[in-house]
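Q:
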Amino acid sequence: MKVSELLNPTLREVPAEAEVVSHQLMLRAGFIRKVAGGIYTYLPLGWRVIRKIEQIIREEMDARGGQELMMPIIQPAEIWRETGRWDVYGPEMFRLKDRHNREFCLGPTHEELITDLVRAEVRSYKQLPLLLYQIQNKYRDERRPRFGLMRGREFIMKDLYSFDRDPESCQISYRKMYEAYERVFSRCGLNFRAVEADAGAIGGSGGTHEFMVLADSGEAEVVFCSECSYAANVEKAECLPRPVRAEGEIKCQPEGDNKVYTPECRTIEQVADFLKVKKSSLIKTLMYKGDDKYLLVLVRGDREVNEIKVNNALGPFINLRLATTEEVEELLNCQPGFVGPVGIPSDILIAADLEVPEMKAAVCGANEKDYHLVNVRCGQDFMPRVVHDLRLVTPNDPCPQCGAKLQEARGIEVGQVFNLGTKYSEALKATYLDEKGKEQVCHMGCYGIGVSRTMAAAIEQNYDENGIIWPMAIAPYHCIIVPVSLKDEQVVSTAEQLYRELKDIGVETVYDDRDERPGVKFKDADLVGYPLRVTIGAKALAQGKVELFHRKTGTVELVEVDKISSLVKSIVDSSLNQ
Ligand code: ATP
Ligand code: MG
Numbered sequence: 072m073k074v075s076e077l078l079n080p081t082l083r084e085v086p087a088e089a090e091v092v093s094h095q096l097m098l099r100a101g102f103i104r105k106v107a108g109g110i111y112t113y114l115p116l117g118w119r120v121i122r123k124i125e126q127i128i129r130e131e132m133d134a135r136g137g138q139e140l141m142m143p144i145i146q147p148a149e150i151w152r153e154t155g156r157w158d159v160y161g162p163e164m165f166r167l168k169d170r171h172n173r174e175f176c177l178g179p180t181h182e183e184l185i186t187d188l189v190r191a192e193v194r195s196y197k198q199l200p201l202l203l204y205q206i207q208n209k210y211r212d213e214r215r216p217r218f219g220l221m222r223g224r225e226f227i228m229k230d231l232y233s234f235d236r237d238p239e240s241c242q243i244s245y246r247k248m249y250e251a252y253e254r255v256f257s258r259c260g261l262n263f264r265a266v267e268a269d270a271g272a273i274g275g276s277g278g279t280h281e282f283m284v285l286a287d288s289g290e291a292e293v294v295f296c297s298e299c300s301y302a303a304n305v306e307k308a309e310c311l312p313r314p315v316r317a318e319g320e321i322k323c324q325p326e327g328d329n330k331v332y333t334p335e336c337r338t339i340e341q342v343a344d345f346l347k348v349k350k351s352s353l354i355k356t357l358m359y360k361g362d363d364k365y366l367l368v369l370v371r372g373d374r375e376v377n378e379i380k381v382n383n384a385l386g387p388f389i390n391l392r393l394a395t396t397e398e399v400e401e402l403l404n405c406q407p408g409f410v411g412p413v414g415i416p417s418d419i420l421i422a423a424d425l426e427v428p429e430m431k432a433a434v435c436g437a438n439e440k441d442y443h444l445v446n447v448r449c450g451q452d453f454m455p456r457v458v459h460d461l462r463l464v465t466p467n468d469p470c471p472q473c474g475a476k477l478q479e480a481r482g483i484e485v486g487q488v489f490n491l492g493t494k495y496s497e498a499l500k501a502t503y504l505d506e507k508g509k510e511q512v513c514h515m516g517c518y519g520i521g522v523s524r525t526m527a528a529a530i531e532q533n534y535d536e537n538g539i540i541w542p543m544a545i546a547p548y549h550c551i552i553v554p555v556s557l558k559d560e561q562v563v564s565t566a567e568q569l570y571r572e573l574k575d576i577g578v579e580t581v582y583d584d585r586d587e588r589p590g591v592k593f594k595d596a597d598l599v600g601y602p603l604r605v606t607i608g609a610k611a612l613a614q615g616k617v618e619l620f621h622r623k624t625g626t627v628e629l630v631e632v633d634k635i636s637s638l639v640k641s642i643v644d645s646s647l648n649q
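Residue 278 in the numbering used here is what sits at position 207 of the sequence shown, and the numbering runs on without skipping anything.
1) By Cβ distance below 8 Å, which residues in the same chain neighbour Leu261 in space, the five residues on each side in sequence not counted?
2) With Gln487 and Ala268 assumed to form a contact (beta carbons below 8 Å), what rounded beta-carbon distance in angstroms separates them?
3) Rounded to whole angstroms, what's the CA-CA distance from Cys176 to Gly137? Just pull it up for me.
4) Starting from Asn537, follow its DSSP beta bridges and name the residues at the other end.
5) Just verifying my parser: in three-state terms, what is the DSSP assignment at Lys431?
6) Taking all protein chains shown into account, decide if Thr186 is buried (16 or more other Cβ within 10 angstroms of its Cβ) or exposed.
7) Do Ser288 and Val91 count as a contact pair if the criterion is CB distance below 7 Å?
8) Taking its Cβ as the centre, do 16 or more other Cβ atoms sit within 10 Å of Glu225, making it buried, or is it exposed?
9) When the Cα of Leu603 is compared with those of Tyr548, Ser523, Thr154 and Thr395, which residue comes out closest?
10) Less than 7 Å separating the beta-carbons of Asp583 and Lys592?
11) Opposite Asp424 in the DSSP bridges: which residues?
12) What is the DSSP secondary structure of Lys330, reduced to helix, strand or coil?
13) Is Thr396 buried or exposed, if buried means 16 or more other CB atoms sit within 10 Å of its CB?
14) So what does DSSP say about Glu267, is it helix, strand or coil?
15) Near Asn446, which residues of its chain fall below 7 Å by C-beta distance, leaving aside the five closest residues on each side in sequence?
16) My understanding is that Asn490 touches Gly516, with C-beta atoms under 8 Å, so please give their C-beta distance in whole angstroms.
17) Residues in the same chain with beta-carbon distance under 7 Å from Thr154, minus the five sequence neighbours each way, listed in chain order, please.
18) Quick check: does the Cβ of Gln487 come within less than 6 Å of any heavy atom belonging to the ligand MG?
19) Should Gln451 go down as buried or exposed, given a rule of 16 or more other Cβ atoms within 10 Å for buried?
20) According to DSSP, is Glu292 part of a helix, a strand, or is it coil?
21) Taking only heavy atoms of the ligand ATP into account, decide whether any of them is closer than 6 Å to the Cβ of Met283.
22) Which one of Arg588, Gly521 and Pro471 has the shortest CA to CA distance from Ser300?
23) Taking DSSP as the reference, what is the three-state secondary structure of Ile110?
24) So which of Leu629, Val159 and Arg622 has the shortest CA-CA distance to Ala613?
25) With DSSP run on the structure shown, which of helix, strand or coil describes Asp363?
26) For the beta strand (DSSP E) containing Gln511, list its first residue and its last residue.
27) Give the single residue among Ala422, Tyr365, Ile552 and Lys440 whose Cα lies nearest to the Cα of Asn24.
28) Could you check whether the Cβ of Arg173 sits closer than 6 Å to any heavy atom belonging to the ligand ATP?
29) Does the Cβ of Arg156 lie closer than 6 Å to at least one heavy atom of the ligand ATP?
30) Going by the DSSP bridge assignment, what does Phe226 pair with across the sheet?
31) Let's see if you can read the secondary structure: which residues bound the beta strand (DSSP E) around Gln472?
32) Would you say Met228 touches the ligand ATP, meaning its beta carbon is less than 6 Å from a heavy atom?
33) Compare the Cα-Cα distances from Gly508 to each of Lys197, Pro143 and Ala100 and report the closest residue.
34) With H, G and I counted as helix, E and B as strand and the rest as coil, what does DSSP make of Leu98?
35) Excluding the 5 residues flanking Asp597 on each side, which residues of the same chain have their C-beta closer than 6 Å to its C-beta?
36) Does Gly219 come out as helix, strand or coil in the three-state DSSP assignment?
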């Protein structure tokens with residue numbers, strides 16, 4: 072490809088709307104253009120990167136028996152009603168009606184549709200296992216579309232669904248996909264980690280892992296163990312109760328009264344300061360509303376509630392949220408800062424974190440303005456209905472597997488694998504007949520990769536102040552040829568000859584034939600991030616040499632003209648075979 076013919080509009084300035092590096096560089100390097108919030112056009116170079124990531128995914132899926140198919144983006148509401156997800160999905164789902172007023176959505180995912188297909192087409196155990204996948208646009212009306220391709224409203228996903236006879240064979244499919252994902256992200260040149268995760272709205276019983284590209288701009292927080300293989304999303308990470316040294320009972324006036332005056336003390340800090348106790352001696356009480364139920368969630372004062380754990384332990388709720396000040400006031404006749412578990416109406420469910428029953432003499436709200444209770448004990452002064460791990464992990468927590476120190480990192484979720492069990496196959500009656508002719512329910516897995524998000528994540532891990540540094544396997548082209556001057560005939564003819572040679576031996580090459588200053592061409596080449604640049608200048612050429620520049624290391628070597636093509640080819644081949 073000649074640069075003069077390529078639609079590659081580069082920008083010198085950093086676009087104001089782009090917060091993260093990948094978004095800035097994709098706009099500057101002419102890879103994408105915005106159409107609406109979270110909706111983009113891929114320009115030719117951007118699309119080449121996408122196609123390469125897709126190709127790597129295809130190869131790894133096919134190598135494990137995956138069969139590619141294509142389902143429609145538009146899906147009828149009825150099938151979503153069968154699993155109940157038409158209502159559960161909420162405002163993230165793009166919904167539309169046809170001219171007959173029939174309801175449809177733009178597919179945010181395809182569990183329903185694929186299960187519908189399989190229930191119609193699969194009869195016998197002989198047809199299983201089945202691994203079916205597609206690579207396609209998905210639609211989610213995200214609350215906060217942002218960071219360019221990282222969180223789009225239209226984005227590209229590979230989604231594979233596995234159908235197996237039983238849990239054991241389903242686990243084999245899961246393992247296969249887990250390994251395929253490791254291969255995909257390694258081949259894309261990414262530094263990633265698989266972490267235990269929460270199943271969220273997709274649900275299912277059999278466990279799930281997220282594949283995280285480690286980067287400071289990542290929206291997800293993960294913890295991992297420095298000693299063993301444990302790694303988890305903080306949403307999921309298990310917390311063991313950790314003892315604190317008990318403080319003595321608080322003396323009250325008059326003696327025996329456990330209600331103390333705490334004027335205007337609404338926060339944990341204010342109460343701890345006022346009573347001169349540690350935050351870990353306080354019970355933090357938060358009121359939540361889930362569907363139409365109210366719950367009090369209790370954690371130690373120095374802890375944070377993990378709402379996902381609350382939802383898993385007590386729900387699932389379609390809409391779990393903190394109760395509003397008005398709701399708290401109406402129910403308990405006091406403000407949220409003074410709420411506590413003692414003496415509340417019995418229809419409000421109390422759920423306590425594992426650490427709360429360990430507290431010897433705790434402080435909590437008295438359900439009365441400006442008052443707290445002291446020397447409170449769980450099990451004596453109040454009785455939680457549920458005691459469960461409900462708190463958010465901290466970096467000081469020990470590894471739940473080996474007890475060593477946990478470390479924190481941020482990650483970009485590029486893929487997730489789920490063992491769904493029979494959640495969808497039961498709801499949609501995807502069954503098969505076993506050897507004895509008995510009807511059995513299929514065991515399912517689903518496995519997604521964010522193709523467009525992977526492109527963004529690759530940039531977040533591979534850039535410098537001059538631009539993108541593409542890993543060879545997903546670079547839009549491997550090599551760019553830059554003649555320093557178009558006036559020197561020998562320079563131009565050598566450049567053109569190398570361009571032909573490289574193309575002929577299968578190196579993806581662009582030729583910067585523009586009549587621009589060399590500085591401009593170098594800047595563009597660095598910004599776009601071609602892994603290799605061959606520069607042809609009169610001086611070196613007089614000695615029969617050209618310059619080879621490695622984008623990643625910044626090193627330059629002088630190479631003889633008749634050796635450059637085979638050298639470039641061998642560099643490309645060896646990095647693709649890694
Ligand atoms: P997130 O938690 O980031 O919203 P998710 O867990 O809802 O993602 P999945 O349903 O697991 O996403 O989808 C599979 C993959 O699709 C994700 O691992 C991610 O890489 C990608 N993905 C999901 N939502 C988006 C989005 N809005 N924009 C780009 N990629 C996305
Ligand atoms: Mg996910």
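Where a beta carbon is used, it is the ideal one built from N, C-alpha and C, also for glycine.
A: Straight from the coordinates:
1) Taken in chain order, the residues that qualify are Val284, Val485, Thr525, Ala528, Ala529, Gln532 and Pro542.
2) 7 Å
3) Approximately 26 Å between the Cα atoms of the pair.
4) Asn537 pairs with nothing; no bridge assigned.
5) coil
6) buried
7) yes
8) buried
9) The option with the nearest alpha carbon to Leu603 is Tyr548.
10) yes
11) His459
12) Strand, per DSSP.
13) exposed
14) strand
15) Glu320, Ile321, Asn329 and Ala432
16) So it is a contact: roughly 5 Å between Cβ atoms.
17) Glu183, Tyr495, Ala498 and Leu499
18) For the ligand MG, at least one heavy atom lies less than 6 Å from the Cβ of Gln487.
19) With fewer than 16 other Cβ atoms within 10 Å, it is exposed.
20) strand
21) No, Cβ of Met283 sits at least 6 Å from all heavy atoms of the ligand ATP.
22) Pro471
23) strand
24) Out of Leu629, Val159 and Arg622, Leu629 has the C-alpha closest to the C-alpha of Ala613.
25) DSSP places Asp363 outside both helix and strand once states are collapsed to three, so it counts as coil.
26) Glu510 to Val512
27) Beyond the ends of the chain as shown, which are 72 and 649, falls residue 24; an answer cannot be given.
28) no
29) no
30) Lys209
31) If you look at Gln472, you'll find it isn't in any beta strand (DSSP E); DSSP assigns it neither H nor E.
32) Yes, the Cβ of Met228 comes within 6 Å of a heavy atom of the ligand ATP.
33) Lys197
34) helix
35) Asn537 and Gly538
36) helix
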